[in-house]
Structure formats: C-alpha cells, structure tokens
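Each remark here refers to the structure printed beneath this line.
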Amino acid sequence: MDGFDLLILGFMLRVISADLGLTQAEAASLVTATLVGAVVGGLFFGVLSDRLGRVRVLTWTIVLFAVFTGLCALAQGYWDLLFYRTIAGIGLGGEFGIGMALVAESWPNSKRARASSYVGLGWQLGVLAAALLTPLLLPLIGWRGMFAVGIFPAVAAYFIRHSLHEPEIFVKSSSAGSVGTSLKLLASDPEATRRSIGIIILCSVQNFGYYGVMIWLPNYLSSRFGFSLTQSAAWTAVTILGMALGIYAFGQVADRAGRKPAFFGWMLGAAIMVVVYSRLTDPMFLLIAGAIMGFFVNGMLGGYGTLISELYPTVARATAQNVLFNLGRAIGGFGPVIMGAVAMAWGFDTAIALLAILYLLDIVTMWLLIPERKGAELA
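Counting in our numbering, the sequence shown runs without a single skipped number right up to 1014 at its last residue.
As structure tokens, then:
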C-alpha cells in the first residue's frame, strides 16, 4: 500500500494540479514533503521500535500512514494537502525499517538477503497495482477517491497486531536491559560513523534515482512521445516488472555471491542503463530498455534491509534501518524537484542521463566504506 499510494501521486499530479491550481513546483513538493516526513517518522518510530517492540510499533505506523493518506481526499488546497502528505510520510517512514528489522531477525543467515528482497517485492506489487489500476479508477472515482483507497491498510494493521510475535533475538535483547542507546550506536566510534555515512550515501542515490525516474516517467512518456495515460501506465508497468525481477534476483545473488558483489553489479548496470534509456526514441525499444533499466535501478532495494541489519546490533537495528534509509529517502526525495528543474532546462533525457554519475558515486562508496557481512550472525 505504501508503493501504491506513492506512485498514484505521480500519475495524479497533473489532475490534482489542475483541480487545486498548483504550480509544477508545488506539485513536485508534495512528493518531497512525503519523503521528508518519512525522516521524522523513521527517527521517532525506529527508536520506539527498539524500545517497545517491532510488531506493536509497526501497527501504529501503518494506521498513521493510512488515516492521513485517506484525509488527502478531503484537501481543499495546497497547504492542507501538503500537511496530510507530510504526516502520512511520518507513518511511511516508520514502516520500512521496522518491517525489515522484523524479517531480518526472523530468517536464517543463509537466506536473509532473499527474505529482505521479498519485503521489497511487496513495495513493487503496490507500485505495479498503481500503474495498472490508476488509468481504470481515476476516471471513475477521481483523485480524491484514489486517496480514499489508501485508508484500507488500517484494517490490515489489526490483523498484523494479532497474528505476529516478536523475534526471539529481540526478546532476549530487551530482557537483558540493553535498550536506550540505539541512536548513539549509529556513530559510536569512527568505524560505525563511516558505515553510517556510507549507508546514507547509498540510500540517497537509491531513492534519488527511483523517485526521480518513477515520478516523472509517466509525464516524460506523455510529453515527449504523446503517450496517453493508458500507454504511459503500460510502459511504466513494464519498467516496474523489471524492478520486481531485479529485486528478486538481487536477493538470490547476494545470498550466494555476497552483498558487495551484488551491489557492484547492480550499480554498474544502473549507470549504463539510465544513459541507454535516455537516448532511445523507438517505443518498442523504450519498452524493453525500461524493463532492463528498472531491473538495475531498483533491484538494489532488495538488499538494504539485509545490509543494514548486519551492520548494527539488535538494540539499534530498527533505528538504523529507519534513520539511515529515511535520511537517504529525504535526500533522494529532492530527485523529483531536481529532475524536474533539469528537465525544464535541458530536457528529461539529459536529467535521467545525469543519474549515471550518482551510481558511479555509489560504487566508490560501497568499495571504501561498507564491509562484507555475508552470512554473519546478528549481534
């Protein structure tokens, strides 16, 4: 539902802007505000989860996200819609890290990367649903009705709260009285500080590329190639399918070959494919290349849950997942704004090609700052 909510915003920006009289900058800032709110939620709920438990706090974040997504349907102008999106982002920020910590602590070491990739696939299923359903539902229920659909995860939260239990490793850590220092442990010594800086850079590039491409891709296909909403959604859906396949494959490779080799391969592939995609003009080649680009650009999402879980102890695991990933999400959240500005000045093909430089930065960061922890026991 997170992925569904965020991508329908990309498809609906033009309709919302026309209805509420928003400028292009105001429309883009709705996405950025959601992601900045995620940083606040990541910090608050991550620390709370390391203190009170994964399952309990996870349900709180889901309810907060769902309720304020639903309230977006009542927005009368830019400022109240911006407020609803920001608060929904706070709930969104808590979900990712807590869920990843919960899964990492529940699966065996040899299959941990695969488990994280399955969580990432959940996001992609929501994104794919948005790409397929928005052209069908938007003409029928309007953008307000689309936001109203976002309240349904609150129902799921009830069942989650009553069917899941805390991982054994967390229960032991809590009973030992070792909570309360989670945030400090992210920079407790030079080595921990280097790792945290490295993770923030990796997550920033990941989110910048993902949101920069996905929020503007429907608009790019429409404005440059004259695609209808249905065509844009179909081409975007194929890109998303490529992303889903990339996430699944990443988990398999990371468990077998190691975390760093998998990241290096996907980062290099992303750098190459964004340049290739930006130079294509034939619709069929765009369809094929979009799937390949998606495979690499977002396939890495399947690895961050495992990577971060293995770098930090149980008493700080959810905090690390939420704070570091969501700091990257906030920085990367400026992707739609920056990509939009560059696209207005020099064209979207130039904007997307510039992403290749960021993926090369990713490679250097992974090489210098992040250790290999394949198969490591969680502390």
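C-beta: ideal position from N, C-alpha, C; glycine also. Source: prediction; values computed, not measured.
Minimum C-alpha distance to residue i - residue among the options
i: Trp1072; options: Ala766, Val840, Tyr994 and Ile795; result: There is simply no residue 1072 to check, as the chain begins at 636 and stops at 1014 in what is shown.
i: Leu768; options: Leu880, Ile927, Ala872 and Ile651; result: Ala872
i: Ala789; options: Pro1006, Thr704 and Asp715; result: Thr704
i: Arg891; options: Ala663, Thr954 and Glu1007; result: Glu1007
i: Phe898; options: Leu922, Gln866 and Val932; result: Val932
i: Phe862; options: Pro918, Gly777, Ala791 and Phe794; result: Pro918
i: Val888; options: Arg747, Gln759, Phe782 and Ile834; result: Arg747
i: Gly724; options: Leu756, Val674, Thr874 and Gly1010; result: Val674
i: Gly757; options: Phe960, Ser944 and Gly937; result: Gly937
i: Leu641; options: Ser809, Leu921 and Trp851; result: Trp851
i: Asp984; options: Val806, Arg914 and Phe805; result: Arg914
i: Met1001; options: Phe920, Ala980 and Pro896; result: Pro896
i: Phe805; options: Phe885, Val999, Ser944 and Gly982; result: Ser944
i: Leu922; options: Gln866, Ala884, Phe960 and Gln956; result: Gln866
i: Gly649; options: Phe920, Asp824 and Gly777; result: According to the sequence as given, residue 649 is Arg; it is not Gly. Closest option to Arg649, Cα to Cα, is Gly777.
CB-CB length for residue i against residue j, believed under 8 Å
i: Met935; j: Trp901; result: 5 Å
i: Gly729; j: Thr696; result: 3 Å
i: Gly677; j: Gly734; result: That belief does not hold up - the Cβ atoms of Gly677 and Gly734 are roughly 12 Å apart, past 8 Å.
i: Ala739; j: Ala750; result: 7 Å
i: Thr721; j: Thr658; result: No, Thr721 and Thr658 are not in contact; Cβ-Cβ is about 18 Å, not under 8 Å.
i: Leu821; j: Val972; result: The pair is not a contact, with the Cβ atoms about 27 Å apart (cut-off 8 Å).
i: Phe700; j: Val692; result: Going by Cβ atoms, the distance from Phe700 to Val692 rounds to 13 Å, so no, they are not a contact pair.
Neighbourhood of residue i by C-beta, 6 Å cutoff - its chain only, sequence neighbours within 5 removed
i: Phe639; result: Gly761, Ala764 and Ala765
i: Ala986; result: Met974, Val977 and Ala978
i: Tyr912; result: Ala924 and Met928
i: Ile966; result: Ser839
i: Ser652; result: Ala662
i: Arg964; result: Leu670, Ala673 and Asn842
i: Met908; result: Ile927, Met928 and Phe931
i: Gly886; result: Ala748, Arg749, Ser752 and Gly937
i: Ala660; result: none
Own chain, CB closer than 8 Å to residue i, minus 5 neighbours either side, in chain order
i: Ile832; result: Leu1004
i: His1055; result: The question about residue 1055 has no answer, for the chain in this structure spans 636 to 1014.
Beta-carbon proximity list for residue i, same chain, < 7 Å, skipping 5 on both sides
i: Leu585; result: In the structure as shown, the chain begins at 636 and stops at 1014. Residue 585 is therefore absent and cannot be evaluated.
i: Ser741; result: Pro802
i: Ile875; result: Gln759, Val762, Leu763, Ala766 and Gly929
i: Leu706; result: Tyr719
i: Phe860; result: Pro918
i: Val814; result: With a pLDDT of only 49 at Val814, under 50, the local geometry of the prediction cannot be trusted, and the value read off the model is given with reservation. Taken in chain order, the residues that qualify are Asp685, Arg686 and Val950.
i: Pro948; result: Leu820 and Ala1014
i: Val682; result: Ser817, Leu818 and Thr954
i: Ser808; result: Thr949 and Val950
Helix, strand or coil at residue i [DSSP, three-state]
i: Pro825; result: helix
i: Lys895; result: helix
i: His800; result: coil
i: Asn744; result: helix
i: Asn933; result: coil
i: Gly881; result: helix
i: Ile834; result: helix
i: Ile1005; result: coil
i: Gln887; result: helix
i: Gln711; result: coil
i: Arg749; result: helix
i: Leu1059; result: With the chain represented from 636 up to 1014, any question about residue 1059 goes unanswered, as that position is not in the structure.
i: Ser817; result: coil
i: Pro918; result: helix
i: Gly638; result: helix
i: Ser867; result: helix
i: Ile786; result: coil
i: Thr658; result: coil
i: Phe794; result: helix
i: Pro971; result: helix
i: Phe843; result: helix
i: Gly755; result: helix
i: Pro770; result: helix
i: Phe862; result: coil
i: Tyr939; result: helix
i: Tyr994; result: helix
i: Tyr912; result: helix
Proximity of residue i and residue j at Cβ, strictly below 8 Å
i: Gly940; j: Val754; result: yes
i: Ala953; j: Ser684; result: yes
i: Gly970; j: Gly847; result: yes
i: Arg830; j: Leu989; result: no
i: Phe794; j: Met636; result: no
i: Ala906; j: Tyr994; result: yes
i: Ile835; j: Leu727; result: no
i: Leu775; j: Asp997; result: no
i: Lys1009; j: Gly904; result: no
i: Ala783; j: Ala708; result: yes
i: Arg779; j: Val690; result: no
i: Met647; j: Leu773; result: yes
i: Ala791; j: Val910; result: no
i: Asn744; j: Ala1011; result: yes
i: Pro770; j: Ala868; result: yes
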